[in-house]
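Just below is one structure, and these are the notes that go with it.
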Amino acid sequence: MKILNIFKENPQRFITGAVLIAVVAIVALIDNFFLTWLFLGITFMFAFYEAMKLFAIDKNSPFFYAFFIWIVAYFYPNPDDLIFIVLIIFAGWEAYKQAKDIETIFPFLYVGGAYLFVLALYKDFGMEALIWLVLIVAGADTGAYIIGKSFGKTPFSPTSPNKTLEGVLGGVSVATILGTFYGVEFVNPFLSFFISLVCAVGAVFG
């Protein structure tokens, strides 16, 4: 009954989630590098824009740099290496200008690093590994939301006022269980559990 009330309170969230699941399923079934890169790139640019707002960055140049980096990532053999190249270039440029706007690099670290890692994961291990990661992240988000809304009473963190301890623990548990059951198709049960748990914790805190 509580779950039904949660849906009634925020139907848009569930509808958006259902649409995203359908899109992700189509991308996964087609399993084409260009299409996967394009889909990740679109979500990357939205996430990067939100990160710019989060860190109060009002100039447009980082957004265009992020777009350029994602274009390069399509051709670069190891996309996750690009974040280190960006850091080196940024540090050199900041030293040259003697500037102190260090917050500009945060969206690249917070969002760029994650998306470049996901693209590298797909290139190196295929769609199965990407589905594994998506399943864990979706399980963590959905589990934390539903369990937090249903049973959450203990505030989790001042920086995340909408999160509860019960929701966080529930999200980690749901994601770990789902990830472990899926991961045993590729690795041994203990390793599947460990990888799923680490990714689930990262998803909840991320």
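Taking numbering that gives the first Met the number 0, I'd label the letters of the sequence shown as residues 0 to 205.
Every residue, glycine too, gets a C-beta built ideally from N, C-alpha and C.
Here the structure is a predicted model, which means the values were calculated and not measured.
Non-local beta-carbon contacts of A139 in its own chain, meaning distances under 6 Å to residues more than five positions away in sequence, involve G170, A174, A199, A202 and V203 in chain order. With at least 16 other beta carbons inside 10 angstroms of its own, I145 counts as buried.
Relative to S191, the option among L132, P10 and V167 whose CA is nearest is L132. Looking at G151, S172, D100 and I176, the one whose alpha-carbon comes closest to that of A55 is D100. In chain order, F54 and I56 place their CB closer than 7 Å to the CB of E102, counting only its own chain and leaving out the 5 sequence neighbours on each side. In the DSSP assignment, P154 falls within the unbroken beta strand (DSSP E) covering P154 to S156. Between G111 and I82, the gap from beta carbon to beta carbon is short of 7 Å.
Between E165 and G142, the beta carbon gap of about 11 Å keeps them out of contact (Cβ cut-off 8 Å).
Between F150 and L168, the alpha-carbon positions lie close to 11 Å from each other. Residue range M126 to F150 is occupied by the alpha helix (DSSP H) that includes I130. Remark: C-beta atoms of L134 and Y181 approach each other more closely than 7 Å. The beta carbon of M44 is closer than 8 Å to those of F62, A65, F66 and W69 in its chain, skipping five residues each way along the sequence. For the beta strand (DSSP E) assignment, the region 21-94 encloses no uninterrupted run of at least 3 residues.
Residue pairing by DSSP puts S159 in a beta bridge opposite S156. S195 has its alpha-carbon roughly 6 Å from the corresponding atom of T179.
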